Every structure is written in C-alpha cells, then in structure tokens.
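K.L.:
Structure in structure tokens, see below.
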Amino acid sequence: MTAAGPPREYLDWSENGVSASALWRSANGAPAPKRVVPVDDTITADAAYRLASQGVALLWTSDFQNARQILTALEHRTRPRPDKTQRPTAELFYRYRQNRSHRARILSLLLVPLEIGNIIGLRRAPDVVAATVAAYGSIAEASVVSLHEVLGTIGAHQWRTKGIRVAALNASIYPHYGTFFPVRSEYVYLVATAPLAAPRVAFDIGTGTGVLAAVLATRGVPRVIATDLEPRAVASAQDTVSRLGLSGRIEVQLTDLFPEGRADLIVCNPPWIPATAHSLLDAAVYDPGSRMLRGFLAGVIDHLEPNGEVWLVLSDFAELVGLRTRADLMTVIDTAGLRVIGALEAAAVHSRATDTSDPLHAVRQSEVTSLWRLRTK
C-alpha cells in the first residue's frame, strides 16, 4: 500500500471579477495562505509590506523582475534594527528567532504562478525548470509558489551544478535540494583529524550529504553505513558516494538513527540548537527538545561493539545562548552509560563569526565545535 502524501491545498482568488484557483506548493511544507490578492507593478513596497503584515498573500501578475524588486524591498523592511541595548544573551537569541520567524513569514507571502512544465508565467521570468523539478517535481497542474522559495531553489540548483569543495576530501560534493551541506568546515575537520584506531565498521548517523561517511572511508574504514531519516538526504548521500567512487565501501540507508547490527565506531553530528525548526534546512540546525541528541545517546550502546568508540560532534552554541549547560550534556552522556575519553575542539571559522552586524556576533565569535570521544563505562 502506498503511503498517503500531504493533503493538497488550493488557493482561491478573484481578479477583475473572475474567480480563479490553483494548487498551493511548498517544498518546506508551509500551509497555504488563507487570503490571496492579485497584485502588479502598480503596488508600492509600503503597501505590499502592509498587506503581508496582515497575513495577506500577494499573487504577482506582471513583470518577474519587478516582483524581485518588491521582494528586496520587503527584505529591507524586515531587517532587524541595530540595538545597542545591553541585553542578556538568552534574550538576544529569543529576539533573533522572533525576527527570523517574522521575516520568513513576510517574505513567503509574495507569490508567483508556476505553470504546467515548471514555467513561471510572467514576463522576464528566468528558466526555473531544473531548479523547481528538484524541489517540487514535475508540475502537471497550475500551481502557486512563494517567490522567496523559488529563488532558494535556484540558489540550491547552482550549488548542485557547480559543487562545493570539501578540503578534507580533496573533492567537490553536489548537494541535492533540501539537504544541509557543509557550509561550515569545523565538524568535517574534526572527523578528518581525530585519532582513528582501526575500525572494521563505522556508522554515520544523520549523514545529510554523506560527507562524514566519505571522510571515514577515505581515512581507511573498510565499511561505513550512513543513515538518514530524510529521503532527499539519502539520495544526496548516495550521489556523493557514487561520485567519489566509494560505493563499494559506503552503504546509505533510509532509517531513523541506527541501522541493524553493531559498529566499532559510531559518529553523529546532530542539530546543535534545542529549538523548533521552521523549515526543511532548519532541521539540520534545530533539534526540538534535543530529540536526536538524546535518542542517539540513549540507543548508541546497543549498536556499539565492545571497546568501540562514539564520536559526538557538537557545537556549544546552545550553551552560549542559555538553552543547554555543559552539565546537562555531561548528564545525558553519563545517563546513557558512556564516559568521555577525550575531546578535540575547533573554533568557529564560518562567515557569521566575523559579521559584526549580527546581533549574536559575540556568541558566534566565541563558539567552539567539539568532537567528544566516548566509550562505555
């Protein structure tokens, strides 16, 4: 029996007294807007922002490039204003998340038509066929999508076409749409340099694009099983493995956390912020209630060979913003029947660590990613 997909939602609106309807599509699973009004080049940025702030979606009906200009204006109006008030770090993070949520909501409400054949039916619209097929599949019914999301699919398609260089692999990877890719190098560096015994089998839990599994294989691990809960991630990891010529050593499985069997080395780089995820890519960063972290640690012993080792790769960002303490982490590790035998650290080198306009700049500058080496007690 085939599993039922998400319910199909339709948008209804009226233009010049004529009723119209189209299928709502969102790669992130966002719900359909409740109210839609058609707009064109005559609308001002202020009017567009006012309507979007009221939850009204704006269906663009004229020139595509002018729609991009309106979106840019909305982005400008949703940027956080500089706040020099000295606030507790936890409050700064809360305000940051509030602004991100508000900004995402406003920007998602400028819509464009996506017609049969994955064509945007507007003047001066770019060719988005390949990019939108990767995100939505082939369009066989008149649809409406968020312009902001469409532009995201274009950017993602460029990454997939051009590739992303991974120094630890001396090669490029080509991430699929909706799969978190290594824009940060710290965690890859740690797995590439941590002391490695001679594991016969390694598990990479939550593999994403398969980068860490590939690093383990290139370091000499003869058999690596990589798992992920997201079908897109599994497809992306399989593509990575194939391109790198590692299909004989790496197996990618669609499963929640652990595959069957045991391993000498089990690696996991879980989402590091225990907060709600608002999008597909957010899920690689945000872990509500530390579900994945706790689930991984609670079950890892059952899959670890005697004298095996666990590598938990985790940023301390959550500790710096008051969402978790180091003592909390050590308690979860201890409760799982594990002990720390060593740790490697890498300071943040990503672009946000040097962005002084970021309200969380001080936190990002202090952030450290650690590879915790764990064994059973």
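All the letters of the sequence shown, read from the start, carry residue numbers 14 to 390 under the numbering used here. Just so you know, even glycine gets a beta-carbon here, dropped at the ideal spot from N, CA and C. All figures in this text were calculated on a predicted structure; none of them were measured in a lab.
(1) Assign Q67 to one of three DSSP states: helix, strand, or coil.
(2) Applying the 10 Å Cβ sphere with the 16-neighbour rule, what's the burial state of E162?
(3) Near E199, which residues of its chain fall below 6 Å by C-beta distance, leaving aside the five closest residues on each side in sequence?
(4) Which of the three DSSP states is assigned to W324 in this structure?
(5) Counting only runs of 3+ residues fully inside the region 105-153, write out the beta strand (DSSP E) ranges in chain order.
(6) I'd like to confirm something about Y107: is its beta-carbon nearer than 8 Å to some heavy atom of the ligand MG, or not?
(7) To the nearest angstrom, how far is it from the Cα of T15 to the Cα of P244?
(8) Does the distance from the C-beta atom of A215 to that of A276 stay below 9 Å?
(9) Run through the region 220-253 for me and flag every whole alpha helix (DSSP H) of 4 or more residues, listed as ranges in chain order.
(10) Determine contact between the region 284-292 and the region 254-270, defined as no fewer than three beta-carbon pairs at a distance below 8 Å.
(11) Just to confirm, is the Cβ distance from P208 to G321 under 9 Å?
(12) Measuring straight from C-alpha to C-alpha, what distance separates L373 and G168?
(13) Can you tell me the Cα-Cα spacing of L24 and N183, whole angstroms?
(14) From K97 to A65, what does the alpha carbon distance come to, in whole angstroms?
(15) Please state the DSSP three-state secondary structure of Q99.
(16) For R38, is the classification buried or exposed, using 16 other Cβ atoms within 10 angstroms of its Cβ as the cut-off for buried?
(17) Could you check the C-alpha separation between T74 and V52 for me, to the nearest Å?
(18) May I ask you to list the residues that DSSP assigns as paired with Q266?
(19) Taking just the CA atoms, how far does W385 sit from T192?
(20) With a threshold of 6 Å on Cβ separation, who are the neighbours of H189 within its own chain once the five nearest residues in sequence on each side are excluded?
(21) Could you say which of T253, P235, D347, L120 lies nearest to Q67 if we only look at CA atoms?
(22) Within 10 Å of its beta-carbon, does H89 have 16 or more other beta-carbons around it, so buried, or fewer, so exposed?
(23) What is the DSSP secondary structure of R178, reduced to helix, strand or coil?
(24) Can you give the Cα-Cα distance for V224 and V201, rounded to whole angstroms?
(25) Going by C-alpha to C-alpha distance, which of T220, N112, L72 sits closest to R94?
(26) Just checking my contact of L270 with G308 at CB under 8 Å: how many whole Å lie between their CB atoms?
(27) Roughly how many angstroms separate the alpha carbons of L351 and L71, rounded to a whole number?
(28) F216 by DSSP, collapsed to three states: which one?
(29) If you draw a straight line from the C-alpha of A17 to the C-alpha of G42, how long is it?
(30) Among residues of its own chain, excluding the 5 on either side of A230, which ones have a beta-carbon nearer than 6 Å to its beta-carbon?
(31) Smallest Cα separation from D315: which of R63, R388, L127?
(32) Return the CA-CA distance between E273 and V228, expressed in angstroms with no decimal places.
(33) Determine which residues share a DSSP beta bridge with P51 and list them.
(34) Would you kindly work out how many angstroms separate the C-alpha atoms of E22 and Y149, rounded to a whole number?
(35) Buried or exposed: which applies to G221, given that a residue is buried once 16 or more other Cβ atoms fall within 10 Å of its Cβ?
P.N.:
Looking at the atomic coordinates:
(1) coil
(2) buried
(3) A359, T382
(4) strand
(5) 123-128
(6) With respect to small molecules bound, the structure shown includes none, and the ligand MG cannot be examined in it.
(7) Only weak support exists for where T15 lies, its pLDDT of 41 falling under 50; the value from the coordinates is given anyway. Those two C-alpha atoms are separated by around 15 Å.
(8) yes
(9) 224-231
(10) no
(11) no
(12) 25 Å
(13) 47 Å
(14) 28 Å
(15) coil
(16) buried
(17) 6 Å
(18) T240
(19) 25 Å
(20) R245, A248, S249
(21) L120
(22) exposed
(23) strand
(24) 8 Å
(25) N112
(26) 6 Å
(27) 53 Å
(28) strand
(29) Low local confidence applies: a pLDDT of 47 at A17 is under 50, so the model's placement there is unreliable, with the coordinate-based value given in what follows. Computed Cα separation, rounded: 15 Å.
(30) V237, L259, R262, I263
(31) R388
(32) 22 Å
(33) L72
(34) 14 Å
(35) buried
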